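Inspection log for the structure reproduced underneath, given as structure tokens.
Protein chains: 2
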Amino acid sequence: MALIEARTLKGFRDYLPETMMPRERLMETARRVYRSYGFAPIDTPALEYEEILTGKGGEESDKQLYRFEDHGGRKVALRFDLTVPLARFVAQYHNELGLPFKRYHIGPVWRGENTQRGRYREFVQCDFDTIGVETITADIESVLVVHDLFRALGFEKFQIRVNNRKLLNGLLESLDLAERSAAILRVLDKLPKAGEAKVREELTGALALDSARADEVIRIASIQGSNAAILAELKPLARGEKGEQGLAELSELLRCVEAAGVPAERVQLDPSIARGLDYYTGTILETFLGDLPAIGSVCSGGRYDNLTQLYTKERMPGIGASLGLDRLLAAMEELGMLEKRRTPVGVMLAFFDAQHLSDYLRLAARLREAGIGVEFYPEPKKLGAQLKYADRRGFRHALILGSDEWKNGRCQLKDLASGTSRELALEDGRGALSPELLAALSA
Amino acid sequence: MALIEARTLKGFRDYLPETMMPRERLMETARRVYRSYGFAPIDTPALEYEEILTGKGGEESDKQLYRFEDHGGRKVALRFDLTVPLARFVAQYHNELGLPFKRYHIGPVWRGENTQRGRYREFVQCDFDTIGVETITADIESVLVVHDLFRALGFEKFQIRVNNRKLLNGLLESLDLAERSAAILRVLDKLPKAGEAKVREELTGALALDSARADEVIRIASIQGSNAAILAELKPLARGEKGEQGLAELSELLRCVEAAGVPAERVQLDPSIARGLDYYTGTILETFLGDLPAIGSVCSGGRYDNLTQLYTKERMPGIGASLGLDRLLAAMEELGMLEKRRTPVGVMLAFFDAQHLSDYLRLAARLREAGIGVEFYPEPKKLGAQLKYADRRGFRHALILGSDEWKNGRCQLKDLASGTSRELALEDGRGALSPELLAALSA
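Protein chains in written order, with our numbering: chain A, 1 to 443; chain B, 1 to 443.
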């Protein structure tokens, strides 16, 4: 029989233990932080009716959609984000859920993208959103969640850059560009990557701005300085109700975030942050790593006031953000922040004397009961082979007992990094595992 | 614009917070138990080349496969279990992974099944497997893992029923039925559900056994009693090398599992356990809930010696089991084992005085720093509305501060179950949160 080639699909990847362990840690951290603010988990199917998903993320995501017919001839597709399923979910259950509704959702999404530049066609998103809240409190809290998340993930140097769509629209209104604002913001969103010249070209070309106004748009987006200085510089430019409201919201957000304990340098007002998607209506945010700004935003989001409008007539405003888990994982790998281990436990119990199989098993069970994870080597091979395995996997300790040790109630504990061994008592005088052993293995 | 109906696909379901929270707890428990034995996590794509998945689970799973062509015209399909992707994975990376290789994998799988009897087309499997180990140690450990898992999930009454394919094949060999053994075992697997009459009919009908041998097969499968009694009764029947080896393996497994500390009544030798899939070659196991045996096995598995043979010439034996997470969740719901809460935190901080927004935010941040999750109500609505929300969500406490409390450094703590309130100091004398407050909120 011919062998089938064992391979993954183009654009997809496997996660081996050394990458999957930190990936699980990231997800656990995200869950812990989201929960601490009262966000509750939900899950939705990978497959949805095609009509639920098409026309939501623009032409690009329609093209990238994995779609087909199921066994019942229904047109179905794999979700391309967690936001459209959220809109469907909230429209479907809002009476049951009650508002405000705060949820997080961690799960894979699929996009048939070009696979250049390390982009994959399946990746995990970690979203949190607050539905049904008009007040700025939810915007403030979203920034606080992102801040706590990156702190909990072990980052010191990162910056959450915030802006406000009302302010941007107000500024464009002052320039008499209100009608072209969505298109202009889509172009402006490319400023950090494409650069000024390219953006000016698009503004004056496809969007037909005169060069004075194109320059002014770029000048405003390029304003830098302290939050207070930027607010002051924007104040005279943001005339009209919308612009003033946006400025007031930003100002309140920055004040409260600092009052809640976030160091000022971690939250920066940035007039160039525009976000590409049309549905944002207020606060918008992106998050950059101080040591690796070039990979772009690793956590982005904002306020949207009309997300559920395709499914229900009830107006449900929302705000939230999405952590790009796999992009962040790649960044942490590049920054050397991931531990290179391939085992989730610290201790390997060697299998030295086949006569004592059930004794080894009992000892391993007692260690686990004491909260110490332990892998028991499954075959009574030569000790050298077992220690080589332990080394390769990255265990901290090997616990070794031969027939002498079983007789004397002692064990050898080998520190695999230093190569040193010491002998310890297995039990204290009263039949419990000895405190020295437990302390050494917990270290 | 016409609204799109917000609905899930037939055969699929959403998880709302009250169901998703216990579901996440189940997954966390499974991860913790698997890790404590040294199993490390992996992940593989939801989509695989169709040729990887077809012809692995039999005709039935081929029919249920979700398959289509991707954007590059490749024939792809959604995985229907986590075992076939494991075989592909191990064949692809075995040099990198090293043996023995112990992995767990938690993820959704898809089957276009008939949706009768509460079966869904997407469900989560929680698998653990040990690859590359011939010795019985891995079999013993698999039973121990399942035992620890159900204990950690909160079950007292459950039973792991074990059997051995070598023993079954040896018994059939003694009856001169070796050549039909795979087909007979598939029929025997239906015994608990279909009953004796139906199984006899299939054995004597489609499989053409004479009625004496059909009766003997059913009689053997129906032997009951203590493990020792069953072993004794099977001993004279299991003639030949294979049967004796199977019996010796079972006997060693039962001895060691008990020696490792598992109560005898939790692991039962059951000659009727056959497992439907052809690929098992040794130990097989199923797990039943004492209070709800009718839902069938909630965790099943066994030893397979040739799983990777379609992808590689290297022989890689394995043993493992799969927890049917969503079926177990449904069982726990039926048994009243799930707490009916819709919030992951115990405390709601009411928003009473809009002037103090940043004070509330700061207090919530300090509580979170102290390890106490807290949801801040996002709008300064009437207290009654906020308390109603807190009640409905299932918070334990509401923490209430108005302008008087902020002035005096006190707070009102309302126990939402009893309806009683008490006043507490916010801080101790030295600017830290008061120990009474922290103790009350942790309760």
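All residues carry an ideal CB built from backbone N, CA and C; glycine is no exception. It should be emphasised that the depicted structure is a prediction, and the values quoted were computed from it without experimental measurement.
Short Cβ contact (9 angstroms threshold) for residue i with residue j
{"i": "residue 169 of chain A", "j": "residue 246 of chain A", "result": "yes"}
{"i": "residue 83 of chain B", "j": "residue 129 of chain B", "result": "yes"}
{"i": "residue 207 of chain A", "j": "residue 180 of chain A", "result": "yes"}
{"i": "residue 12 of chain A", "j": "residue 134 of chain A", "result": "no"}
{"i": "residue 70 of chain A", "j": "residue 66 of chain B", "result": "yes"}
{"i": "residue 433 of chain A", "j": "residue 357 of chain A", "result": "no"}
{"i": "residue 132 of chain B", "j": "residue 318 of chain B", "result": "yes"}
{"i": "residue 42 of chain B", "j": "residue 94 of chain B", "result": "no"}
{"i": "residue 185 of chain A", "j": "residue 165 of chain A", "result": "yes"}
{"i": "residue 226 of chain B", "j": "residue 271 of chain B", "result": "no"}
{"i": "residue 379 of chain B", "j": "residue 137 of chain A", "result": "yes"}
{"i": "residue 101 of chain B", "j": "residue 90 of chain B", "result": "yes"}
{"i": "residue 213 of chain A", "j": "residue 175 of chain A", "result": "yes"}
{"i": "residue 127 of chain B", "j": "residue 321 of chain B", "result": "yes"}
{"i": "residue 284 of chain A", "j": "residue 303 of chain A", "result": "yes"}
{"i": "residue 96 of chain B", "j": "residue 9 of chain A", "result": "no"}
{"i": "residue 39 of chain B", "j": "residue 79 of chain B", "result": "no"}
{"i": "residue 417 of chain A", "j": "residue 377 of chain A", "result": "no"}
{"i": "residue 413 of chain A", "j": "residue 440 of chain A", "result": "yes"}
{"i": "residue 19 of chain A", "j": "residue 375 of chain A", "result": "no"}
{"i": "residue 373 of chain B", "j": "residue 37 of chain A", "result": "yes"}
{"i": "residue 420 of chain B", "j": "residue 87 of chain B", "result": "no"}
{"i": "residue 268 of chain A", "j": "residue 159 of chain A", "result": "yes"}
{"i": "residue 253 of chain B", "j": "residue 143 of chain B", "result": "yes"}
{"i": "residue 35 of chain B", "j": "residue 64 of chain B", "result": "no"}
Chain A residues whose Cβ lies nearer than 8 angstroms to that of residue i
{"i": "residue 9 of chain B", "result": "45, 47, 48, 49, 70, 74 and 76"}
{"i": "residue 342 of chain B", "result": "40"}
{"i": "residue 14 of chain B", "result": "42, 43, 44, 45, 89, 92 and 93"}
{"i": "residue 144 of chain B", "result": "361 and 365"}
{"i": "residue 20 of chain B", "result": "40, 41, 42 and 43"}
Partner residues on chain B for residue i, Cβ-Cβ distance less than 8 angstroms
{"i": "residue 24 of chain A", "result": "31 and 41"}
{"i": "residue 373 of chain A", "result": "35, 36, 37 and 38"}
{"i": "residue 304 of chain A", "result": "By Cβ distance, chain B contributes nothing, its closest Cβ being about 16 angstroms from residue 304 of chain A, past 8 angstroms."}
{"i": "residue 130 of chain A", "result": "378"}
{"i": "residue 263 of chain A", "result": "By Cβ distance, chain B contributes nothing, its closest Cβ being about 13 angstroms from residue 263 of chain A, past 8 angstroms."}
Residue i: CB within 8 angstroms of a non-hydrogen atom of the ligand FMN
{"i": "residue 239 of chain A", "result": "The ligand FMN is absent from the structure shown, which contains no ligands of any kind."}
Neighbouring residues, chain B, relative to residue i (Cβ below 7 angstroms)
{"i": "residue 219 of chain A", "result": "Within chain B, no residue comes near residue 219 of chain A; the closest Cβ sits about 33 angstroms away, beyond 7 angstroms."}
{"i": "residue 140 of chain A", "result": "361"}
{"i": "residue 392 of chain A", "result": "98"}
{"i": "residue 133 of chain A", "result": "378 and 379"}
Contact list for residue i against chain B, beta-carbon separation under 9 angstroms
{"i": "residue 112 of chain A", "result": "70, 71 and 72"}
{"i": "residue 66 of chain A", "result": "47, 68, 70, 71 and 76"}
Cross-strand partners of residue i (DSSP beta bridge)
{"i": "residue 104 of chain B", "result": "B/41 and B/128"}
{"i": "residue 321 of chain A", "result": "A/128 and A/301"}
{"i": "residue 122 of chain A", "result": "A/110"}
{"i": "residue 288 of chain B", "result": "B/159"}
{"i": "residue 332 of chain A", "result": "Looking at the DSSP assignment, residue 332 of chain A forms no beta bridge with any residue, so it has no partner."}
{"i": "residue 348 of chain A", "result": "A/375 and A/398"}
{"i": "residue 283 of chain A", "result": "A/164"}
Neighbouring residues, chain A, relative to residue i (Cβ below 9 angstroms)
{"i": "residue 206 of chain B", "result": "By Cβ distance, chain A contributes nothing, its closest Cβ being about 27 angstroms from residue 206 of chain B, past 9 angstroms."}
{"i": "residue 122 of chain B", "result": "45, 46 and 47"}
Contact set between residue i and chain A, taken where Cβ atoms lie within less than 7 angstroms
{"i": "residue 4 of chain B", "result": "51, 52, 310 and 311"}
{"i": "residue 256 of chain B", "result": "357, 358 and 361"}
{"i": "residue 260 of chain B", "result": "358, 361, 362 and 365"}
Runs of 3 residues minimum, wholly inside the stretch 393-432 of chain B: which ones carry the beta strand (DSSP E) assignment?
397-400, 410-415 and 421-425
Count the C-beta pairs between the stretch 361-373 of chain A and the stretch 247-265 of chain B that are closer than 8 angstroms, then say yes if the count reaches three, no if not.
yes
Pairs of beta-carbons, one from the stretch 145-165 of chain B and one from the stretch 26-41 of chain B, closer than 8 angstroms: are there three or more?
yes
Under 8 angstroms: do the stretch 2-10 of chain B and the stretch 322-329 of chain B share three or more Cβ pairs, one atom per stretch?
no
For the stretch 389-407 of chain B against the stretch 283-296 of chain A, are there 3 or more C-beta pairs whose distance is under 8 angstroms?
no
At which residue ranges does the stretch 6-80 of chain A contain complete alpha helix (DSSP H) runs of 4 or more residues, listed in the order of the chain?
17-36, 50-53 and 59-64
In chain order, which continuous runs of the alpha helix (DSSP H) of length 4 or greater are located wholly inside the stretch 130-185 of chain B?
137-152 and 165-174
Using 8 angstroms as the threshold, is the stretch 366-384 of chain A in touch with the stretch 48-57 of chain A, meaning 3 or more CB pairs across them?
no
Taking three-plus beta-carbon pairs below 8 angstroms as touching, is the stretch 381-390 of chain B in contact with the stretch 70-81 of chain A?
no
Which complete beta strand (DSSP E) runs does the stretch 193-270 of chain A hold, if anything under 3 residues is left out?
267-269
Could I get the ranges of all uninterrupted alpha helix (DSSP H) runs contained in the stretch 350-392 of chain B, with 4 residues as the minimum, in chain order?
357-369
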